[in-house]
Amino acid sequence: MKTLNHIPSLKTAILVIATITTTLLAENKEAITHSFLGVGKANQVVIVGEDGKVQWRYGAPASDGWVLPSGNVLLALYGTKDFPHGGVAEIDRKTKKIVWSYKGQQKETSTVQPLSDDKFLVAELGPQPRALIINRKGEVLKTTPLQCQKKNAHMQTRMLRMLPNGNYIAPHLLDFAVKEYEPDTGKVVATFPTDDRGRVKRDWPFTAIRLANGNTLIGCTNGNRIIEVNAKGKIVWSVTNEDIGENLFDDACGVQRLPNGNTVITSYHAKG
88 MKTLNHIPSL
98 KTAILVIATI
108 TTTLLAENKE
118 AITHSFLGVG
128 KANQVVIVGE
138 DGKVQWRYGA
148 PASDGWVLPS
158 GNVLLALYGT
168 KDFPHGGVAE
178 IDRKTKKIVW
188 SYKGQQKETS
198 TVQPLSDDKF
208 LVAELGPQPR
218 ALIINRKGEV
228 LKTTPLQCQK
238 KNAHMQTRML
248 RMLPNGNYIA
258 PHLLDFAVKE
268 YEPDTGKVVA
278 TFPTDDRGRV
288 KRDWPFTAIR
298 LANGNTLIGC
308 TNGNRIIEVN
318 AKGKIVWSVT
328 NEDIGENLFD
338 DACGVQRLPN
348 GNTVITSYHA
358 KG
């Protein structure tokens, strides 16, 4: 697990974390614990320490976030009075003041990812869903259109990420597909469908993580299912509530694979 100075975000749509607070026991019986950043629509961004206690709070509705190497917190914001269409803001951890910001130009700003050279990848939702590269001045340096449905902006994409090869990976919820894009051309170079059980299951992809082995780990939200697919889109691993015999997943949005092979999952509707 990375240290708190650069922990990746564990996305929750409300400030409720499902399974990540569970302490796992290693073979040597020593507890394995992790700190995490929690964001959501509940107007509370929190950093929770390895002891399970809240170490820091910030009052804003956010859909994505990162703890930067500086210790500051980078957020993708839901719409507010100051950010009517959402946006991006870096928050000084000590003063809680905004260091720099970008205001969304369409309906929503769903995700942000820090890149090198003080650049940031942003997903902007609306009539023209797009991936943006911006700088700390809030200037748009690059635009890539996203190929997804346009009737429901809120459900266009979540957790847009740049891959090690420079391509973008975007989960498109109502399209029931995770797509990999070539940024310069906007061409879709790979598609991973999530409707193999039928769309009635509502396996909307929310998070897509490219693993070191080339597979892609996908959180399927309302379907309460997490799947891992290979480069051809074939499911090679999955888990549901039925598999574990307990209703732990309740709108499984966030998902990460830890270095030890464990999978961390967060749920939108979970209450503890």
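Going by our numbering, the sequence shown opens with residue 88, and the numbers climb by one from there.
Beta carbons are placed, not taken as given, at the ideal position from N, Cα and C, and that holds for glycine.
Distance from the CA of F207 to the CA of D151, rounded to the nearest whole angstrom, comes to 13 angstroms. Bridge pairing for P214: absent [DSSP]. DSSP places E195 in the uninterrupted beta strand (DSSP E) bounded by 195-201.
A straight line joining the alpha-carbon of N311 with that of L124 spans about 22 angstroms. Boundaries of the alpha helix (DSSP H) harbouring D330: 328-331, taken from the DSSP string. DSSP places K288 in the helix class (H, G or I) of the three-state scheme. Excluding its 5 nearest sequence neighbours in each direction, N159 has C-beta neighbours in its own chain below 7 angstroms: E177, I178, D179, R180, V186, listed in chain order. DSSP places H356 outside both helix and strand once states are collapsed to three, so it counts as coil. In the structure shown, the three-state DSSP call for H259 is strand.
Between the segment 190-197 and the segment 138-149, the count of C-beta pairs closer than 8 angstroms stays below three; the two stretches do not touch. The alpha-carbon of D282 is positioned some 6 angstroms away from that of D290.
Per DSSP, the continuous beta strand (DSSP E) segment holding S150 begins and ends at 149-154. With a 10 Å radius around the Cβ and a threshold of 16 neighbouring Cβ atoms, G173 comes out buried. Around the C-beta of G139, fewer than 16 other C-beta atoms lie within 10 Å, and the residue is accordingly described as exposed. The distance from the Cβ of G306 to that of A339 is about 5 angstroms, consistent with a contact at the 8 angstroms cut-off.
For A240, the three-state secondary structure derived from DSSP is helix. The continuous beta strand (DSSP E) containing A277 extends over residues 275-280. A direct Cα-to-Cα measurement between N349 and Q343 gives close to 9 angstroms. In terms of Cα proximity to A218, the closest of L247, L304, K274 is L247.
Taking the Cα positions, G273 is about 42 angstroms away from G332. With contacts defined by Cβ atoms closer than 8 angstroms, E211 and G191 form a contacting pair. The beta-carbon separation of G253 and P232, rounded to 17 angstroms, does not stay under the 8 angstroms limit for a contact.
Of P171, L164, T182, the smallest CA-CA separation from V209 is found for L164. Within the same chain, S197, T198, A210, L212, P216, L233, C235, A257, P258, H259, L260 come within 8 angstroms of T244 by CB-CB distance, once the 5 residues on both sides are set aside.
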